[in-house]
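Residue numbers (our numbering), protein chains in the order written: chain D, 7 to 314; chain F, 7 to 314; chain Z, 7 to 314; chain G, 7 to 314; chain S, 7 to 314. Don't be surprised by glycine CBs; every beta carbon is placed ideally from N, CA and C.
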């Protein structure tokens, strides 16, 4: 065990050894093993956006086995997906890559200002499929977020008691926020903090912009001169906002970018701002396997490096 | 065991042997035994549309025993129906034809933009009646689909742990979609994918038209030139969208057609597009028994043939 | 055991001997014993409409013992009532008349377009009170019928496993239907069919009018020339619609009629259309005991006769 | 309801109406309906003594359906048997004859001074098979009777809460008694009293001899000059000992007797001593059906008569 | 469905359709499909006698897959084994051969006069492994048989409610019996009858000798001149003793015999005495596969023939 992993585990001393063991596993997997950094492959786009929109740009990705193999070959820390995608390969790849079962999902067959989604898998499914943790998405800012928070509460309690990690996707949106506000620095920091307060072990948020959305927050940010000009500064603020760095926060890559350099620059900013890594879906599986492996290799090498 | 059945069972390796045994049974029943193709008789129209509208065109079909016998005599793979219809003949026909108990249903005594239906039977009913699986209908696109998805999740988990197959009817509809959109290619592919992600073993969808409904999806379909001019091409896309063919997708015959050739052309397109077969209700039981047996015989012979 | 009773029991072969024994009991009670016809006394009006409205026309009927004695003296097959009315006489009349415990009820202290009612007694109550079955009312056509159907599902499964009959009152109503539509032929046939599909052993519906309510059904009824001019024809259609006569369907007498002949004509139509009998509440207990016994005697003599 | 049945039901006013209804049923079945007397056919000899020893004297009795039909044709009040024998005919004869499920039994494949037996069926079995009550045998006088009494306690409580009668076979035996003592007057009276104290509704004991077994009891019997010279006197003492006649006690016919008159004399003595009837196994089914029906007819006619 | 299978299913009308469907399956499997005869392969010798003693005579039999394949290739009706042996092949052979999960077993690492064994698998295991039924061994004649009978009661009730067959191995032994008595005609008939009374659907006993063990039974057998000189006569008596042929009784092949003709003569006697077939363990798997297939082929051909 590296000192860094020991340090990280030390932040979760209230959890039972089962949770700690799974945290150890995800931190000691792949090419970033022992560094305290993570790159995770999430593939819930088929559920969230539909299969054609998700996989037509790279048709081999229609196949559920493709993603297990990609995560393994790229040396990633974990693979996260909904029930069906994990069921379709969990036996074939049993034990080869840490799995995170996404317990809820949301489709776009209705155009909803306040998406809610549905719980589509159970903690028991995560155990029978050999997962190291559960994933759950919350939408702070939506009208019915109470239903999500309360469902998360029950699932997290159950998962932890059985030794599973709790990974929360915290995406602020809904009728309470402007479109720009969804990635505002104050909002992203708030969303990450909420997930941590609800007991998440790993938190996934979007990369923050310099925009400030909430009037009361804006006053303080400006009064206190919280630096937010660079992405590195903004990542640093999010990390600080999430228990002063004592919870693992990773950042999503967002929509597919044509320009590899943009992706790599983001990774450097995450690294330099003290972020724990990336969760990269569309920028992995919407490229050819060859391109994806090349890009992931570059990202991993960035995270293997020291912050500037 | 044929190579094809062995291959199909190989896609479900995460499931327990009880589920596999029931999958084996449905794939080895009737005249399509061993081919990996299925024709299933579903008779939930009495519940869904009312008895007169369903059975008056062929009055012997009012009798619940009629359908068991039709499925057996036609050499089909299974018979699916609600609780009452199965209770009315499960003892008489015990073991002779695989049964699928439809666990939910929806009547049309209210005109609802967003139908929801109700769970009207239980997993325990399926076991006491000797069924090989449960059936459940979801309506992606409806406002309250969350309640359906979550009910399905619980029933599917229970059913699988007891060795039962999970068959999902995935019919996109509701206030989120245009009427034409209900059978749009992107929507059908999405509906099938959603069912698979929720852990369905067999998925039933409608045959897709060339229409594209969702704006974001349409952009991708057109950019990627996804072929959709012929029904065969559209079936192929749906199969690809459902775990690249690693889940069994069958197509419903829809409303009764006067023209047998239209039904047979659809079967050929399903076969040639890599579909796994048909679930034919109204085109079976709304004809005379003699006509139905003749039509089913022709359909089965199509599925016994090689794809063009 | 008469041939007719043996034939009827043969329709329920999926059920355990406990259910069959209680079916035998109700079919072998009273003056219609062995004929396969039934007349049942239901007294849930006090709950449904209030006591004054129900019992003031014949004040002895305020007394719960009155109804037990009436059912026995008239030679009926069973007495059905809510928990309190049964508790008030079940010991005194133990074993003398088959009892059906109504498990749910609806009061009219709120004026609701879509009545829902409440479960007010349990299967365990039915057993401790010595009942042969449970009764449950559904309102197809109401907005929240889902809640009723799902409650019925659970109660029916429990009741059957313990050997109790399941009797369903299926009364279409609610915002989805016109007032006239509540007794339309297509709607009554649909309501009876729904109850059978949900696993009811005995089904109670209202007598149908010649009206057709649902546009899609109307097309079929007219295209197929389903006879509906006479009440006898309409009863025959309802019986056919309920598993081709393989489930017991009885018809309610409705509101109190001044004219005895109207009641008797209805009984003749039920008999001649293949109906299994009547469930007569207000036309029994809202008359004087003497008048009620005289009318019930005439009804029973009609059912003892052969159909024309 | 006859006055006598009303009187008997009056002794059980602490029980729920379900128990009373089943008591009513057994008292109103067959040719002794309404008299307050009972003749019951018990066929647990196959379990207790083995099939050959039980049925070889009258081979049609190997068939489980034989006994249902015999009990019906003889006009008896009930048929009591272990699980298998009831399962083998409960559907065919559903409702035609009250059934009592023997919940425990003892085989003689070990020669045990202190038999214990085993519970071989459950209260739930009694309900699913449509029984009116459970039967249970206790062996007062055996070393491990505690296990029986405590098992009876649990089963009786469960049965009563669900409306089932509790019928107890109380056969004193075991290392604590001499062979002669098993039928001693003081012992039989004691055994019947114990069963009543444990909550039995119906009690079955052997016919008592004039022997007195227990030294302390003997002193009192002799001091008080309790009459015991005739069987009638002894039956009267047993009835008095069992709550002064406020519990139903019936007497077993014992081993098959060649001499019909002996059997009939016993019935007269039971009748004249205030006994409630007979439970006649071997003297029924070990004769030809014709002989059995003739003998049972004579016994029933004795019980229909007035006590001398 | 053959007339014979229909007749046999008719004996089990108290059971739910799930049980009937599994009974249908076992009766319609393999080369004896539809004849009403069965040959079953049981392999619990490894547990009962130890692996070396069981499998060293034919080392390929150490492999759990060997037995699945043997049962399939020989065209048998079912394969029965303990949990581990089924777990080791249930996925590979899912659906190809009906499986019976032996729920209890007994090892010989203690030398016990009164073996008891232990429950080593559950009804839920049977469902998840896709079995058609459970198996349970009782040892009538042993001191603690009560514990077995009561465990069987609970397991049988649960299994039946979930649609599973209950197969009972009934082997009289223990301190209550002489060694010769374990296969005495009266004891074997008694053991089969006990299993039927406890609700077994299929019963397995040893072939009976002409010896009579129990003094009271011996008197009756001799007085009634029950034929027992030939094995055919003795089988006939066992079948008669088990509900007059209304329960399926099969006979075990016993220890391995060098002489094939002895095995075949037994099969002829079983057939001619009205037995339902054989359960052949050691005489199958302790020969070479080739020899076993040849012997099983001859046995099956005997059962395919008409009784003499």
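| Item | Value |
| --- | --- |
| Residue 155 of chain D classed as buried or exposed, judged by whether at least 16 other C-beta atoms fall within 10 angstroms | exposed |
| Environment of residue 108 of chain F [buried if 16+ CB atoms lie within 10 Å] | buried |
| Cβ contact (3+ pairs, closer than 8 Å) linking the stretch 173 to 190 of chain D and the stretch 143 to 155 of chain D | yes |
| Per-residue DSSP class, three states only, for residue 230 of chain S | coil |
| Given residue 187 of chain D as reference, the closest of D/164, D/217 and D/199 once Cα atoms are compared | D/217 |
| Rounded C-alpha distance that separates residue 300 of chain Z from residue 283 of chain Z | 17 Å |
| Chain G contact residues for residue 123 of chain Z, given Cβ-Cβ distances below 9 Å | Result: empty, since nearest Cβ-Cβ is about 25 Å, beyond 9 Å. |
| Residue 12 of chain D and residue 41 of chain D closer than 8 Å at C-beta | no |
| Partner residues on chain S for residue 20 of chain Z, Cβ-Cβ distance less than 8 Å | 22 and 23 |
| Identified DSSP bridge partners for residue 141 of chain D | D/108 and D/173 |
| Which listed residue (F/93, F/261, F/50 and F/278) has its alpha carbon closest to that of residue 313 of chain F | F/278 |
| Segment contact flag, the stretch 128 to 136 of chain G with the stretch 180 to 200 of chain G, C-beta cutoff 8 Å, min 3 pairs | no |
| Member of G/119, G/276 and G/31 whose CA lies at the smallest distance from the CA of residue 105 of chain G | G/31 |
| Rounded C-alpha distance that separates residue 251 of chain D from residue 245 of chain D | 5 Å |
| Beta-carbon proximity of residue 150 of chain G to residue 122 of chain G, cut-off 8 Å | yes |
| Proximity test, Cβ basis, 8 Å: residue 149 of chain F and chain Z | no |
| Complete runs of the beta strand (DSSP E) confined to the stretch 162 to 216 of chain F [at least 3 residues] | 171 to 176 and 208 to 211 |
| Per DSSP, cross-strand counterpart(s) of residue 125 of chain D | D/110 |
| Alpha carbon of residue 91 of chain D to alpha carbon of residue 152 of chain Z, nearest angstrom | 31 Å |
| 4-residue-minimum alpha helix (DSSP H) runs that sit fully inside the stretch 56 to 82 of chain S, ordered along the chain | 57 to 61 and 70 to 79 |
| Span of the beta strand (DSSP E) around residue 284 of chain G | 283 to 285 |
| Neighbourhood of residue 70 of chain F by C-beta, 6 Å cutoff - its chain only, sequence neighbours within 5 removed | 91, 94 and 95 |
| Rounded straight-line distance, which links the Cα of residue 292 of chain F to that of residue 204 of chain Z | 22 Å |
| Proximity of residue 112 of chain S and residue 21 of chain S at Cβ, strictly below 8 Å | no |
| Minimum Cβ-Cβ distance from residue 34 of chain G to chain Z less than 8 Å | yes |
| Whole-angstrom distance between residue 257 of chain Z and residue 241 of chain Z, CA atom to CA atom | 9 Å |
| Delimiting residues of the alpha helix (DSSP H) encompassing residue 315 of chain F | In the structure displayed, chain F extends from 7 to 314; residue 315 of chain F sits before or after that span and is not available. |
| First and last residue of the uninterrupted alpha helix (DSSP H) at residue 247 of chain S | 237 to 247 |
| Interface partners of residue 114 of chain F on chain Z, CB under 8 Å | 220 and 222 |
| Separation of residue 159 of chain Z from residue 125 of chain F, as counted between CA atoms | 8 Å |
| Rounded straight-line distance, which links the Cα of residue 213 of chain Z to that of residue 308 of chain Z | 17 Å |
| Closest residue to residue 193 of chain D among D/289, D/223, D/170 and D/165 (Cα-Cα distance) | D/223 |
| Residue span of the alpha helix (DSSP H) that contains residue 30 of chain G, given as start and end | 23 to 33 |
| Per-residue contacts from residue 131 of chain G into chain S (C-beta, under 7 Å) | 163 |
| Close-in-space but distant-in-sequence residues of the same chain around residue 288 of chain G (CB under 8 Å, 5 per side omitted) | 51, 60, 259, 260, 261 and 262 |
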